[in-house]
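In our numbering, the protein residues as written are 35 to 431. Virtual Cβ for every residue (Gly too), placed ideally from N, Cα, C. All of these numbers come straight from a predicted model, not from anything done at the bench. Written below as structure tokens is the structure these notes are about.
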């Protein structure tokens with residue numbers, strides 16, 4: 035495939051994630067002009083998408099040369115670009131632009147994480163970055179450990195382990211010197227996979243499917259802060275001088291040394307913090323500071339409504355032992371967790387969603403066996419349809 039053919043099927047978002055395209059817009063050259071001029075001549079159907087992506091990059095990134103110089107360099111391409119074909123098509127591109135606007139901001143913010151050792155992104159930047167990564171994790175694939183702009187490690191297998199020590203990072207398959215990595219790293223665990231992350235201070239984190247973590251390779255002198263979108267169980271090493279802080283999309287959890295579970299997927303309606311041992315302080319914009327004691331669970335919905343409840347902590351931590359314990363839980367919530375854990379899409383008929391179930395599932399079993407157990411205890415049936423499962427209401431006999 036030639037260089038130009040590569041771009042013939044590109045979407046708006048594809049252009050905005052292509053390094054060569056971005057560099058061509060930010061720093062136009064004669065060679066780049068010739069390349070893209072030829073591309074638009076060969077693929078005129080890509081003109082609207084190309085122009086929309088070009089304008090977006092120019093708006094998002096401060097140019098290194100004057101506006102006039104950019105305009106002059108791109109004049110020939112602009113002259114060859116056809117006018118908008120239909121209002122409908124341009125609306126579609128406009129909607130695409132809005133949909134990926136946050137993603138481009140994420141790309142720009144992400145560069146801060148992986149340049150130099152003295153950069154410390156703000157908490158709001160981190161959460162914007164994490165919040166826009168949820169969709170990239172939905173499809174099953176390899177766990178990705180992003181160590182720098184140039185270095186990404188793909189961890190194969192259903193379970194993986196990553197360990198940081200004083201000099202290097204160990205992934206089981208290789209050892210990478212800290213001299214080769216940036217100050218912030220990112221662990222992306224897709225559906226169907228899990229990982230165990232051990233940080234430099236000895237804190238151990240079990241990372242569930244569909245979860246994205248961003249964390250510093252070396253903690254600051256006065257705090258230890260990580261950012262989570264998804265679910266993780268943490269066994270935090272005690273350090274009274276440096277509290278451990280977990281930030282999610284809408285919560286801040288502060289601890290010193292403790293064991294607790296964070297369930298905070300940006301796409302879910304509720305976040306849950308379940309404390310097994312130690313003490314936790316939850317900071318919420320709507321609820322303020324909320325202390326949590328062992329065997330308590332904090333729950334907050336998207337509207338900011340929150341509650342602290344006594345809880346059987348096994349329900350929220352059993353997944354790290356490959357078990358799933360649930361009590362009077364909505365079936366759509368149960369099936370969503372299974373969908374993430376196994377990396378298989380589950381389509382739920384409306385009557386199924388509000389059914390409530392109690393029980394225990396062995397996640398070491400395959401998905402068909404797990405669904406068969408559910409169908410024996412709840413009025414549902416399931417069928418496999420290609421790569422997905424369909425669960426429908428069926429009265430128990």
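* Endpoints, the beta strand (DSSP E) within which residue 315 is located -> Translated into positions along the chain shown, residue 315 becomes position 281. Where residue 315 is concerned, the enclosing beta strand (DSSP E) stretches over 314–318.
* Asked: For residue 234, which of helix, strand or coil comes out of DSSP?
  -> Taking the first residue of the chain shown as position 1, residue 234 is located at position 200. Note: residue 234 maps to coil in three-state DSSP.
* Asked: Using DSSP with H/G/I as helix, E/B as strand and the rest coil, what is residue 339?
  -> The residue labelled residue 339 in the question sits at position 305 within the chain shown. Three-state DSSP puts residue 339 in coil, outside helix and strand.
* Asked: Would you call the CB atoms of residue 319 and residue 293 closer than 7 Å?
  -> Here the question's residue 319 lines up with position 285 in the chain shown. Here the question's residue 293 lines up with position 259 in the chain shown. In this structure, residue 293 does not lie closer than 7 Å to residue 319 by Cβ.
* Asked: In whole angstroms, what is the alpha-carbon distance linking residue 42 and residue 234?
  -> One-based indexing of the chain shown puts residue 42 at position 8. One-based indexing of the chain shown puts residue 234 at position 200. Taking the straight line from one Cα to the other gives about 45 Å.
* Integer-rounded CB distance, given that residue 239 should sit under 8 Å from residue 258 -> For this step, residue 258 is matched to residue 224 along the chain shown. For this step, residue 239 is matched to residue 205 along the chain shown. 12 Å between Cβ atoms; not a contact.
* Asked: Do the region 219–238 and the region 246–256 meet, that is, are 3 or more Cβ pairs less than 8 Å apart?
  -> Contact holds: three or more Cβ-Cβ distances are below 8 Å.
* Neighbour-count burial assignment, residue 334, 16 or more Cβ in a 10 Å radius -> Here residue 334 is taken as the residue at index 300 of the chain shown, counted from 1. The residue in question, residue 334, is buried, as its Cβ has 16 or more Cβ neighbours within 10 Å.
* **Of the listed residues 393, 206, 270 and 415, nearest to residue 383 (C-alpha basis)** => Residue 383 sits at position 349 when you count from the first residue of the chain shown. For residue 383, the nearest C-alpha among the options comes from 415.
* Asked: Candidates 203, 267, 202 and 177: which alpha carbon is nearest residue 227's?
  -> If you number the chain shown from 1, residue 227 lands on position 193. Selected option, being the one with the closest Cα: 177.
* Asked: Taking buried to mean at least 16 other C-beta atoms within 10 Å of its own C-beta, is residue 119 buried or exposed?
  -> To locate residue 119, count along the chain shown from 1; it is residue 85. Since pLDDT at residue 119 reaches only 41, below the 50 mark, its modelled position is unreliable, and the value read off the structure follows with that caveat. Looking at its Cβ environment, which holds fewer than 16 other Cβ atoms inside 10 Å, residue 119 is exposed.
* Backbone secondary structure at residue 273 - three-state DSSP -> The residue labelled residue 273 in the question sits at position 239 within the chain shown. The answer is coil: DSSP assigns residue 273 none of H, G, I, E or B.
* To do: Would you kindly work out how many angstroms separate the C-alpha atoms of residue 165 and residue 261, rounded to a whole number?
  => By one-based count along the chain shown, residue 165 stands at place 131. By one-based count along the chain shown, residue 261 stands at place 227. Confidence is the limiting factor: at residue 165 the pLDDT is only 48, short of 50, which leaves the residue's position unreliable and the question unanswerable from this model.
* Do residue 395 and residue 412 have their C-beta atoms closer together than 7 Å? -> For the purposes of this step, residue 395 is identified with residue 361 of the chain shown, where counting begins at 1. For the purposes of this step, residue 412 is identified with residue 378 of the chain shown, where counting begins at 1. Cβ distance not < 7 Å, so residue 395 and residue 412 don't count as in contact.
* Asked: Taking the alpha helix (DSSP H) that residue 23 falls in, what are its first and last residues?
  -> A query on residue 23 cannot be resolved here, the shown segment of the chain reaching from 35 to 431 and no further.
* Helix, strand or coil for residue 380 per DSSP? -> Reading the chain shown from its first residue, position 346 is the one you call residue 380. Reduced to three states, the DSSP call for residue 380 is strand.
* Beta-carbon proximity list for residue 169, same chain, < 7 Å, skipping 5 on both sides -> Taking the chain shown and counting its residues from 1, one reaches residue 169 at position 135. Residue placement at residue 169 cannot be trusted, given a pLDDT of 41 that sits under 50; the coordinates are not used to answer.
* Please confirm if the region 325–332 is in contact with the region 340–349, defined as three or more CB-CB distances below 8 Å between the two stretches. => yes
* State the DSSP-derived secondary structure class of residue 325, mapped to helix, strand or coil. => As a first step, residue 325 is located in the chain shown; it is residue number 291 there, counting from the start. Assignment of residue 325 by DSSP, reduced to helix, strand and coil, places it in the strand class.
* Asked: Within 6 Å: the Cβ of residue 320 and any heavy atom of the ligand NAD?
  -> This structure does not include the ligand NAD; it has no bound ligands of any sort.
* Asked: Given that a residue counts as buried once 16 or more other Cβ atoms are within 10 Å of its Cβ, and exposed if not, what is residue 325?
  -> By one-based count along the chain shown, residue 325 stands at place 291. In summary, residue 325 is exposed, with fewer than 16 beta-carbon neighbours lying within 10 Å of its beta-carbon over all protein chains present.
* To do: Alpha carbon to alpha carbon, how far is residue 305 from residue 417? Give it in angstroms, no decimals.
  => Translated into positions along the chain shown, residue 417 becomes position 383. Translated into positions along the chain shown, residue 305 becomes position 271. Going by the C-alpha atoms only, they are around 31 Å apart.
* What three-state label does DSSP hand residue 104 in the structure shown? -> As a working note, residue 104 is residue 70 in the chain shown. Because the pLDDT at residue 104 is just 43, under 50, the model does not fix this residue reliably, and the point stays unresolved.
* Do you know offhand how far residue 321's Cα is from residue 184's? -> The residue you call residue 321 lines up with position 287 of the chain shown. The residue you call residue 184 lines up with position 150 of the chain shown. Taking the straight line from one Cα to the other gives about 41 Å.
* Asked: For the alpha helix (DSSP H) that contains residue 253, what are its first and last residues?
  -> On the chain shown, position 219 is the one that residue 253 refers to. Counting along the chain, residue 253 falls outside any alpha helix (DSSP H), and DSSP gives it neither H nor E.
* Those residues which DSSP pairs with residue 204 across a bridge -> Along the chain shown, read from residue 1 onward, the residue named residue 204 stands at position 170. Residue 204 pairs with 197 and 209.
* Asked: Hey, out of 295, 308, 359 and 62, whose CA is closest to residue 393's CA?
  -> Here residue 393 refers to the residue found at position 359 of the chain shown. For the residues 295, 308, 359 and 62, the minimum Cα distance to residue 393 belongs to 359.
* Asked: Does the distance from the CB of residue 54 to the CB of residue 83 come in under 7 Å?
  -> Taking the chain shown and counting its residues from 1, one reaches residue 54 at position 20. Taking the chain shown and counting its residues from 1, one reaches residue 83 at position 49. Cβ atoms of residue 54 and residue 83: not closer than 7 Å.
* To do: Rounded to whole angstroms, what's the CA-CA distance from residue 49 to residue 225? Just pull it up for me.
  => Counted from its first residue, the chain shown places residue 49 at position 15. Counted from its first residue, the chain shown places residue 225 at position 191. Roughly 26 Å separates the two Cα atoms.
* Asked: In the structure shown, what three-state DSSP assignment does residue 370 receive?
  -> Taking the chain shown and counting its residues from 1, one reaches residue 370 at position 336. Note: residue 370 maps to helix in three-state DSSP.
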